[in-house]
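All remarks here apply to the structure that follows.
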Amino acid sequence: MNLENDLKRALRRESPPAGFAGRVLEQAKSGAAGSQPAGSRRRAESSPFHWWRAAAASVMLAAVLGGYALHEVAERRRGERAREQVLRAMSIASEKVRYAQQQVREIGSH
Amino acid sequence: MTAIAPETADAGSPLPQARLGDHDAFAQIIERHEAMVYSMAYHFFNDRGRAEEIAQDVFLQLYRNLGAIESDAHLLFWLRQVTTRRCIDLTRRARLKAVRLEDVGELRAAEKRSDALLDRRLRALIEELPDIQRAVVTLRYQEDLDPSEICRIVDLPVNTVKSHLHRALQSLRRRLGEHR
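Those protein sequences? They're chains E and C, same order as listed.
Under numbering that gives the first Met the number 0, the first residue of the first sequence carries the number 0, and numbering increases by one thereafter.
Under numbering that gives the first Met the number 0, the first residue of the second sequence carries the number 0, and numbering increases by one thereafter.
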C-alpha cells in the first residue's frame, strides 16, 4: 500500500453543489456596503450622494455651534444684569447707612 | 500575512475586471477556484454542508477584499491561506462533528468499491488529526504543495511543517493498521 498515493486519491478536488457560484454572487450583490468590492466602494465614497451627506452634517454642526453661542451670550447678559442689581442694592444700602449716621450725628448735637 | 511578489494578472484573467466591480468577472473567479476552496474545507471537516458554508464565506470575504489582490498567483495564495485559517479557527471555536444524512447515503453507495471505502476511512482518520496536521495534509495531498509552499500559507517554519506532516503520516499509518 502506498499511503501517499491513497491520500492523493482520497483528497482529490470535488466540485461544490450545482449553482454554488450563482448563490455566492447573489449574496455578494444583495449584501450591504460592507460586501462591495474595494474598488466600487472607493467610487461610491466620492459620489454626489456622499457630498450631500457631508453638507447635511455641516449644517447640523453649524446649528449646534450657533445654538451654543446664543446660549453663551444670553448667559453672559443674565450675569451682567445680576451684577448691576447687586451694585444698585449696595449703593442704596450705603446711602441709607449714610442717612442713618447723619441722623445719629444730628441727634447727638442737640 | 506572508507577502507574495507582485505580478501582473494573466492574460484573460477576470481579476482586473472583477476588481472594478464586474460581477460576471467575479463569477468566473468563483468558477475557477470553487472546487479548490470547497474541497479544502470538505477534507478538513469531512462535512459537505459545512464545506459549502465555509467556501461561500471565503468567496464573500474575497469579494470585499478584491482591491488588495495583486495577481492571479496572489489570489491563489490568498484563497488557500484564508480557507485554511477559517477551517482551523472554526475547529478551535467549536469542536463539532456533524455528518449530514445525504453524506451517509453517498458513502454507503460508495462503499461498494474498496477504493471508495479506503478513501472514506482516510478522510475520517484525517478528521481526527490535530487541526494543523489536517491543514498540512490537505495542502500537501489535495493541493500538491511542497513544505516550502505550505509553510508560507500556515505561517510556520518549514521544519515545523515537515514535522507535522511526518507525524500525521505516522498517525494515519498506525490507525489504518488498527482498522484492518
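Glycine included, each C-beta is placed from N, C-alpha and C at the ideal position.
Keep in mind that this is a model prediction, so the values were computed, not measured.
- The beta-carbon of Arg52 (chain E) is placed no less than 7 Å from the nearest beta-carbon of chain C.
- Apart from sequence neighbours up to five positions away, no residue of its chain approaches Ala92 (chain E) with a beta-carbon distance below 7 Å.
- DSSP places Ile29 (chain C) inside the alpha helix (DSSP H), whose first and last residues are 22-44.
- The C-beta of Gln55 (chain C) comes closer than 7 Å to at least one C-beta of chain E.
- Around the CB of Tyr62 (chain C), 16 or more other CB atoms lie within 10 Å, so the residue is classed as buried.
- It is roughly 12 Å from the alpha-carbon of Glu142 (chain C) to the alpha-carbon of Arg8 (chain E).
- Contact check for Arg12 (chain E) against Ser38 (chain C) passes: the beta carbons are separated by less than 7 Å.
- Straight through space, the alpha carbons of Arg133 (chain C) and Arg31 (chain C) are spaced by roughly 24 Å.
- With contacts defined by Cβ atoms closer than 7 Å, Ala24 (chain C) and Ala40 (chain C) do not form a contacting pair.
- In the three-state scheme derived from DSSP, where H, G and I count as helix and E and B as strand, Ser29 (chain E) is classed as helix.
- Between Ile152 (chain C) and Gln60 (chain C), the gap from beta carbon to beta carbon reaches 7 Å or more.
- Residues of the segment 2-24 of chain E with a C-beta atom less than 8 Å from some C-beta of chain C are Leu2, Glu3, Asp5, Leu6, Lys7, Arg8, Ala9, Leu10, Arg11, Arg12, Glu13, Ser14, Pro15, Pro16, Phe19, Ala20, Gly21, Arg22, Val23, Leu24, listed in chain order.
- Remark: C-beta atoms of Val157 (chain C) and Pro146 (chain C) approach each other more closely than 7 Å.
- Close CB contacts of Gln26 (chain E) within its chain, under the 6 Å cut and outside five residues either way in sequence, are absent.
- Comparing alpha carbon positions, the residue from C:Val160, C:Asp130, C:Glu177, C:Ala17 closest to Glu69 (chain C) is C:Ala17.
- Residue burial is scored here from C-beta neighbours: Asn45 (chain C) has at least 16 other C-beta atoms within 10 angstroms and is therefore classed as buried.
- Within the segment 37-51 of chain C, those residues whose Cβ lies closer than 7 Å to any Cβ of chain E are, in chain order, Tyr37, Ser38, Tyr41, His42, Glu51.
- For His70 (chain E), the three-state secondary structure derived from DSSP is helix.
- Under the 7 Å criterion on CB atoms, Asp118 (chain C) is classed as interfacial with respect to chain E.
- For Gln169 (chain C), the number of other beta carbons within 10 angstroms of its own is below 16, and it is reported as exposed.
- Across the structure, Gly66 (chain E) and Val85 (chain E) are spaced so that their CA atoms are roughly 29 Å apart.
- Counting along the chain, the unbroken alpha helix (DSSP H) around Gly48 (chain C) starts and ends at 47-63.
- Ala61 (chain E) has a beta carbon lying at 7 Å or more from every beta carbon in chain C.
- Setting aside the 5 residues that flank it on each side, Ala167 (chain C) is surrounded in the same chain by Leu128, Gln132, Val135, Val136, each with a C-beta closer than 7 Å to its C-beta; the list follows chain order.
- Of the candidates C:His42, C:Leu74, C:Tyr140, C:Met35, the residue whose Cα lies closest to the Cα of Ala123 (chain C) is C:His42.
- Taking C-beta atoms as the reference points, Ile149 (chain C) and Leu138 (chain C) count as a pair closer than 7 Å.
- For the C-beta of Arg173 (chain C), not a single chain E residue is nearer than 7 Å; the gap to the nearest is close to 11 Å.
- Under the 7 Å criterion on CB atoms, Glu148 (chain C) is classed as non-interfacial with respect to chain E.
- With respect to the 7 Å criterion, Phe58 (chain C) and Ile87 (chain C) are not classified as neighbours on the basis of their beta carbons.
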